[in-house]
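Read through the structure below, which is laid out as structure tokens, and then see the notes.
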Amino acid sequence: VANLNLEMLGRPLPGNEGKAWVTGAELSDFADVAGAALGRAGIERIDFPPARGLFWASDNAAFVGHGIVAHSISAGSLHADYHQPSDEHGRIDVPHMTRVVLGLEEVVLELANRPSKLTYNEAGQAAVERARRR
């Protein structure tokens, strides 16, 4: 149906508690569908400018070349500790992450129960073709 990859759920930017973003949101209908489902759980889908480039930097990218609508959802940030030894579990905002995980449950249920498959738009189809040539 789709690939839903999870990234960096526990360390939001200040003021982004209860918010999440989608990589490559401009490439398919995934972000709109996921955003509505997250909203039902009280999670706001926001734009995160680096998310466009991060579409290719995550595990979802392996599915794109197969034509599978595949995106990552994140509710974290590219904080100063990102991929550093100082990124310790005590820095996780557990209440925020818990809310987001409950929102992700809504996303999974929506994807599993929707009557039609998600689709790439024209820009997304071009991304699929680029991935196939890699």
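When the sequence shown is numbered by this note's numbering, its final residue is 146 and no position is left out of the sequence of numbers.
For every residue, glycine included, the Cβ atom is placed at its ideal position computed from N, Cα and C.
- Under DSSP, N15 takes part in a beta bridge, and its partners are A82.
- Pairwise C-beta distances place the region 44 to 58 out of contact with the region 95 to 110, as fewer than three of them are shorter than 8 Å.
- For A32, there is no enclosing alpha helix (DSSP H); the enclosing beta strand (DSSP E) has its first and last residue at 31 to 34.
- Runs of alpha helix (DSSP H) with 4 or more residues, each lying fully within the region 45 to 122, are found at 63 to 66, 73 to 76, listed in chain order.
- Within the same chain, G77 come within 7 Å of R146 by CB-CB distance, once the 5 residues on both sides are set aside.
- Beta-bridge analysis with DSSP links S40 to Y132.
- One alpha carbon belongs to F60, the other to S70, and they sit about 15 Å apart.
- Inclusion of L16 and S128 in the CB contact set at 9 Å is not warranted, their separation being larger than that value.
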